[in-house]
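Numbering (this note's numbering), first residue to last: 3 to 355.
Positions of the beta carbon are idealized from the N, C-alpha and C atoms, including for glycine.
All figures in this text were calculated on a predicted structure; none of them were measured in a lab.
Remarks on the structure that follows.
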Amino acid sequence: MADRLEEYRRKRDATRTPEPVPPERPRRADRDRSRFVIQQHHARSLHWDLRLEHDGALASWAVPRGLPREPGRNHLAVHTEDHPMEYLDFAGEIPAGEYGGGQMIIHDRGTYHCEKWQDREVVVHLHGDRTTGRYVLFATGGRDGRDGRDGRDWMVRRTDPAPPGWTAMPDLVAPMRTTPAARLPSDPENWGYELRWDGVRAMAYVSGGRLRLVSDSGTDITTEYPWLRPMAEALAPTEAVLDGVLVRIDRAGRVRPARGGRGTPDAQYLLVDLLWLEGATSGRLPYRQRRELLEGLALSGAHWQLPPWFPGTGAEARHAAREQGLPGVIAKRLDSVYEPGRRSRAWRRIEAS
Numbered sequence: 003m004a005d006r007l008e009e010y011r012r013k014r015d016a017t018r019t020p021e022p023v024p025p026e027r028p029r030r031a032d033r034d035r036s037r038f039v040i041q042q043h044h045a046r047s048l049h050w051d052l053r054l055e056h057d058g059a060l061a062s063w064a065v066p067r068g069l070p071r072e073p074g075r076n077h078l079a080v081h082t083e084d085h086p087m088e089y090l091d092f093a094g095e096i097p098a099g100e101y102g103g104g105q106m107i108i109h110d111r112g113t114y115h116c117e118k119w120q121d122r123e124v125v126v127h128l129h130g131d132r133t134t135g136r137y138v139l140f141a142t143g144g145r146d147g148r149d150g151r152d153g154r155d156w157m158v159r160r161t162d163p164a165p166p167g168w169t170a171m172p173d174l175v176a177p178m179r180t181t182p183a184a185r186l187p188s189d190p191e192n193w194g195y196e197l198r199w200d201g202v203r204a205m206a207y208v209s210g211g212r213l214r215l216v217s218d219s220g221t222d223i224t225t226e227y228p229w230l231r232p233m234a235e236a237l238a239p240t241e242a243v244l245d246g247v248l249v250r251i252d253r254a255g256r257v258r259p260a261r262g263g264r265g266t267p268d269a270q271y272l273l274v275d276l277l278w279l280e281g282a283t284s285g286r287l288p289y290r291q292r293r294e295l296l297e298g299l300a301l302s303g304a305h306w307q308l309p310p311w312f313p314g315t316g317a318e319a320r321h322a323a324r325e326q327g328l329p330g331v332i333a334k335r336l337d338s339v340y341e342p343g344r345r346s347r348a349w350r351r352i353e354a355s
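Right, dumping it as structure tokens:
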């Protein structure tokens, strides 16, 4: 039997990596126990590694956007070298400069039922703690390696129905608009208050550790704000649609719109709402509940944060806006739903002065 781990060993130095590097070739298993592991790998670019126990080793695919969670969607899956069985439990930091250098954590593991296993197509039913479903892995290049990648390019597709209640991430959500008001609401206990930021309104679509950023006019502006891309990796594997404002905060505390570019140490994406989360449309939930879900994501990083809000205390919020030199506050009814593209009296824009 050929040594299925020959390529694996050739790429790794057992004295320099914490990865398991068994000295002997794997023995063919008498009985395939059909275990699998999915590892989240923060290497040069974030990806997920799917590994299926097969004939004494782990057949492996690198999936840049993770396994699709709904049917009808294909994700790239790069067929990599077989890994040793010990990799079922591996998590750790592969040193920089080594093959696959970066942090690796276990995202999910469990068992699978194999429906079909051929050289160019594998059909499995995964039964994990976080991942369940019927998946088809299939090669897309030529059989003789004429695709230029020696047959490594595959795709993975989910073929069974999505979980009950699942809704697909929306392609585009128009931001809800505020209505100007001369004074604070007369029933402050029914409202939540946010500081009003002078910035660029943008919707963030986060999936598979990747970011798509869209302006309030519907223009894709992802490439204009490269400093925000790490937010998607920090949120992975969670998928969400976020509403926020792009600003710059200078040393004097002055806030102005962030106009893009790479040299932006003072740039921030200030999160203000949550429209979709993990297959569920949250825009129909009351504002108070959306805010609680947003806080539960614990999003805080070098260039993104969740600014404070003031439930039931409009005067306090207005005072904070004056102290920070901001133009005013936005009052949002605690029971208001998100109305895409509409200017609503449920959101009111009030000047600080």
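Fill in: From I223, V80, A61, residue whose alpha carbon lies closest to that of H49
The residue labelled residue 49 in the question sits at position 47 within the sequence shown. Checked all of I223, V80, A61; the closest Cα to H49 is V80.
Worksheet item: Which term fits R350, buried or exposed, when burial requires 16 or more other beta carbons within 10 angstroms of its beta carbon?
Response: Numbered from its first residue, the sequence shown carries residue 350 at position 348. So R350 counts as buried.
Worksheet item: When DSSP labels each residue in this structure, what does Q307 get in the three-state scheme?
Response: Numbered from its first residue, the sequence shown carries residue 307 at position 305. In the structure shown, Q307 sits in a strand (DSSP, three-state: E or B).
Item to complete: Can you check DSSP and say which residues form a bridge with Q105?
Response: Translated into positions along the sequence shown, residue 105 becomes position 103. Residue pairing from DSSP places Q105 in a beta bridge opposite H44, E95.
Worksheet item: Excluding five sequence neighbours on each side, which residues of the same chain lie with their C-beta closer than 7 Å to the C-beta of R335?
Response: Residue mapping note: residue 335 aligns to position 333 of the sequence shown, counting from 1. Once the five neighbours on either side are set aside, the close Cβ partners of R335 are N192, W193, Y289, A348.
Discussion item. Give me the residue from E95, V339, S338, V331 with the minimum Cα distance to A354.
Written reply: Your numbering for residue 354 matches position 352 in the sequence shown. Here the closest residue by C-alpha is V331.
Worksheet item: Residues bridged to Q326 by DSSP?
Response: Within the sequence shown, the letter at position 324 stands for residue 326. Partner(s): none; Q326 has no beta bridge.
Discussion item. For P342 and W199, what's the separation of their Cα atoms in angstroms?
Written reply: As a working note, residue 342 is residue 340 in the sequence shown. As a working note, residue 199 is residue 197 in the sequence shown. For P342 and W199, the distance between alpha carbons rounds to 20 Å.
Item to complete: Grab me the residues of P190's own chain with a C-beta within less than 6 Å of its C-beta, minus the 5 sequence neighbours each way, in chain order.
Response: Here residue 190 is taken as the residue at index 188 of the sequence shown, counted from 1. Only G314, G316 meet the Cβ criterion.
Practice prompt. Could you say if the region 268-275 and the region 157-170 meet the contact criterion of at least three C-beta pairs nearer than 8 Å?
Written response: Segment contact: the region 268-275 against the region 157-170, fewer than three CB-CB distances shorter than 8 Å; contact not assigned.
Discussion item. Using a Cβ-Cβ cutoff of less than 8 Å, which residues in the same chain neighbour R6 once the five nearest sequence positions on both sides are dropped?
Written reply: Start at 1 with the first residue of the sequence shown, and residue 6 comes out as number 4. The answer, listed in chain order, is R27, P28, D57, G58, A59, D84.
Worksheet item: Smallest Cα separation from L276: which of G94, M171, V202, E325?
Response: Taking the sequence shown and counting its residues from 1, the one referred to as residue 276 is at position 274. Selected option, being the one with the closest Cα: M171.
Discussion item. Could you give the first and the last residue of the continuous beta strand (DSSP E) run that contains A2?
Written reply: Residue 2 lies beyond the stretch modelled for the chain, which goes from 3 to 355, so this question has no answer here.
Practice prompt. Going by CA-CA distance only, name the one from V125, A260, G68, S217 that's closest to S209.
Written response: Residue mapping note: residue 209 aligns to position 207 of the sequence shown, counting from 1. Measuring from the Cα of S209, the nearest candidate turns out to be G68.
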